[in-house]
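Novice: Taken in order, these protein sequences are the chains called L and C. Quick note: the first sequence, position 248, residue 341 per the working numbering, numbers continuous. Quick note: the second sequence, position 80, residue 173 per the working numbering, numbers continuous. Handing you this structure, nothing more for now.
There are 2 protein chains.
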Amino acid sequence: MAKVPRKAETSIDAITADLVAVLVAVTEGEPKIMTIANATALPSGPFQFGHRSLQTGLRAWVEAQTGHPLGYVEQLYTFADHGRTGDARAPHRISISYLGLTREDQVREGSEGHWSGWYEYFPWEDHRAGTPPLIAKIVTPRLRAWAKSAESTSMQKARWQRAAITFGLDDRTWNEELVLQRYELLYEASLIPEAVRDERTGDAVVPGRAMISDHRRILATGIARLRAKIKYRPVVFELMPAEFTLLQLQRSVEALAGRTVHKQNFRRLIEQQELVEETGAMAADTVGRPAKLFRFRHGVVAERAVVGTKLPLSRS
Amino acid sequence: MAKVPRKAETSIDAITADLVAVLVAVTEGEPKIMTIANATALPSGPFQFGHRSLQTGLRAWVEAQTGHPLGYVEQLYTFADHGRTGDARAPHRISISYLGLTREDQVREGSEGHWSGWYEYFPWEDHRAGTPPLIAKIVTPRLRAWAKSAESTSMQKARWQRAAITFGLDDRTWNEELVLQRYELLYEASLIPEAVRDERTGDAVVPGRAMISDHRRILATGIARLRAKIKYRPVVFELMPAEFTLLQLQRSVEALAGRTVHKQNFRRLIEQQELVEETGAMAADTVGRPAKLFRFRHGVVAERAVVGTKLPLSRS
DNA sequence: TAACCTTATACTTATCCTGAGCATAATGGA
DNA sequence: TCCATTATGCTCAGGATAAGTATAAGGTTA
């Protein structure tokens, strides 16, 4: 590599790397994530010599722990666990996280894999039925108190502005992509269990299941990435069955985005982009007028490649 | 971490991690990257125990090697060098790459840091003066030959379609964001030195400076990221001096994007978004009508936070 | 000094995209 | 038959965008 000074003993800088997966599926209009350890952890394990690549290692761990094979995978983020171990001399540990998309399927018997609804971990993120009450009842007053507790007036203002932007307060609109920013804000304000656990003081009064280590933060990163990505890449289809109605597709998008979309506009956008084609069959066992069944046109991946796809999730 | 089977000896899975930086500046309308080792490598070095975090480590290496402090930094990608070392039993090495943005400045005396124009490494990426001739003269015929050399007719078609999409051939429009895809295509087609070096056969006929290891690929990743990001986040300002004219700003954007933009529309967009404010002064020593000087309104970062910024770089 | 070159800056226009709503169609059940 | 429910077609207004025209304000040069 570069001509740079190195320590003589390279083994001194040895570290270990953990591979962590945010594996997502959507069932019956609910977004799910694969969890282990009684729904308190994401599938994960160390990168080992036997693994030919990082993704290979990740796939091995997820299959071993959940019995579920990985399909579409993309990298999320890499970070070093710092200060977690009290010993500063202890070997560093790096976590490399991935986002995976599949269809929910049978989890192997005896495995500890379990599908959990992701809004159990982030109840403030589900705005499909309007702004969840806990934001006005719990989050907002607590954040206001946190802002007020800052030393200077300017810091108080800055804190509140940040809270208002991330949670869409004071006439601001809700931005569903700010999942990570909201999580980090709640952490800093010591309103969630992880913050209290990591030796901060606070109440942890905001509802929502916690996870071990940084796993809930990683999950937030994954959700944010997915919410951003469905707007310009046809990744939703990775989560759909082979055939589906446009309403089912819409419900999946809404489940991920945590907000509703205008039905007619949604159909217009999907159809004019030629993302789907009719199968010829109709949906059975439905209420109301039967809907046409569609399938994803795999051709678009080749035709337009990475070029893009739009979903009506922009403003309001 | 998770309750999963682990090897008893954790040290067995020890690896080393390299930190690599794509450090960008724009001077006189030309995009530059910081290089070392006679412009054949990016600043990099191993993550060591002394480093409190990955970014800390990165900053330490870049400053040590180039004398240039790091400003804005974001993570790019993490990958494992596989198959590079002949020995499959050798410890794994991971590279964690970052994108950094600064203003060009004095490189410390005696350091090996050097600013290189990034189009020296990717001559086919600069479309500011129209499509560069080497695309029609060299790239296109070579890719066509590569496509034809595939076994089946369908594979030939698929190869050519991929080439046409990434390089904007056959009436398709050039998409400046596909930097990485283009690099990887040229690699697969064995048209660049890295491919030949890595034990593929081929001619390496496409002009452009190569780099050691995966560094040119990492650079491609960084350019792609930056080209995508300037369209929706006000990151260009990290590369600008404190005061600048709108044309200077435009030239910087064009330098990064590798294409020109409509001057009037550019100004309209910048001004209506209130990204900048007049300093009151005018630019001196210029040809033509003197331009107003502007400065970046730092307020927008707080006000709109991550919400976004647009630049007229969409189609055409 | 006047023509002209260069850049700055203000407006105009046609087109496309987007959000939102109205209207109608096709089912099953009360 | 009426109604609830979902599907599907269509319109319309406002905003954003691409592209072009026109004018202003400097310096340079014939």
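Beta carbons: idealized from backbone N, C-alpha and C, even for Gly. Values in this document were obtained by computation on a predicted structure and should not be read as measured data.
1) Using a Cβ-Cβ distance cut-off of 8 Å, determine whether D106/L contacts chain C.
2) I want to verify the contact list: residues of chain L whose CB lies under 7 Å from the CB of I189/C, in sequence order.
3) Determine whether the Cβ of Q366/C lies closer than 8 Å to any Cβ atom of chain L.
4) Where does R237/L sit, in a helix, a strand or coil, going by DSSP?
5) Is the separation between the beta-carbon of A256/C and that of A240/C shorter than 8 Å?
6) What alpha helix (DSSP H) runs, 4 residues minimum, are completely inside the region 246 to 312 of chain C?
7) Are R390/C and E367/C closer than 8 Å when you measure CB to CB?
8) What did DSSP end up calling V328/C once you bin it into helix, strand or coil?
9) Does DSSP put E370/C in a helix, a strand or coil?
10) Should the region 353 to 362 of chain L be called in touch with the region 297 to 305 of chain L, which here means at least 3 C-beta pairs below 8 Å?
11) For E156/L and L112/C, what's the separation of their Cα atoms in angstroms?
12) Can you pull the chain C residues whose beta carbon is under 8 Å from the beta carbon of L147/L, in chain order?
13) Report yes if the C-beta distance between E270/C and A222/C is below 8 Å; otherwise report no.
14) At a CB distance below 7 Å, what residues from the region 208 to 240 of chain L approach chain C? Give them in sequence order.
15) Kindly confirm or deny that the region 243 to 252 of chain L and the region 325 to 332 of chain L touch, where touching means at least three C-beta pairs closer than 8 Å.
16) If you draw a straight line from the C-alpha of V163/C to the C-alpha of L192/L, how long is it?
17) Can you grab the Cα-Cα spacing for the pair P216/L / E121/C, in whole Å?
18) Identify, in the order they occur along the chain, each residue of the same chain with its Cβ nearer than 7 Å to the Cβ of G261/C, setting aside the five sequence neighbours on each side.
19) By the criterion of Cβ-Cβ separation under 9 Å, what are the contact partners of Q168/L in chain C?
20) Could you please give the first and the last residue of the uninterrupted beta strand (DSSP E) stretch that includes L194/C?
21) Against F140/C, what residues of chain L qualify as contacts under a CB-to-CB distance less than 9 Å, listed in chain order?
22) Assuming contact is defined by CB atoms lying nearer than 8 Å, are V115/L and L169/L in contact in what I supplied?
23) To which residues of the same chain is P139/L closer than 6 Å at the C-beta, ignoring the five residues directly before and after it?
24) Output needed for T128/C: all residues of its chain with C-beta closer than 7 Å, excluding positions within five of it in sequence on either side, in chain order.
25) Can you give me the start and stop residues for the alpha helix (DSSP H) that I363/L sits inside?
26) On the CB-based measure, 16 or more other CB atoms within 10 Å of its CB, does P124/L come out buried or exposed?
27) On the DSSP letters alone, give me the boundaries of the beta strand (DSSP E) that W154/L sits inside.
28) D296/C: buried (16+ other C-beta within 10 angstroms of its C-beta) or exposed?
29) If you follow the beta strand (DSSP E) that S209/L is part of, which residue opens it and which one closes it?
30) Indicate the three-state DSSP secondary structure (helix, strand or coil) for A377/L in the structure shown.
31) What distance in whole Å lies between the Cβ atoms of L340/L and R196/L, which are believed to be in contact at a cut-off of 8 Å?
32) Rounded to the nearest angstrom, what separates N131/C and E167/C at their Cα positions?
33) Verify whether the separation of the beta carbon atoms of A317/C and L147/L is less than 8 Å.
34) If you count every other CB in all the chains shown that lies within 10 Å of the CB of W343/L, and 16 or more means buried, which is it?
Specialist: On the basis of the supplied data:
1) yes
2) T171
3) no
4) helix
5) yes
6) 246 to 260, 272 to 281 and 286 to 290
7) yes
8) coil
9) strand
10) no
11) 30 Å
12) T171, F172, A173 and I187
13) no
14) none
15) no
16) According to the sequence shown, residue 163/C is Leu rather than Val. Each residue's Cα considered, the two are about 29 Å apart.
17) 50 Å
18) W267 and N268
19) Y170, T171 and F172
20) R186 to L194
21) D106, I108, A173, H185 and I187
22) yes
23) T109 and D111
24) A134, L135, H207 and S209
25) K356 to Q365
26) buried
27) W154/L -> not in any beta strand (DSSP E); alpha helix (DSSP H) instead, spanning L147 to T159.
28) exposed
29) H207 to G210
30) coil
31) Incorrect: roughly 18 Å between the Cβ atoms, too far for contact.
32) 25 Å
33) no
34) Just to set this straight, residue 343/L is Gln in the shown sequence, not Trp. Result: buried.
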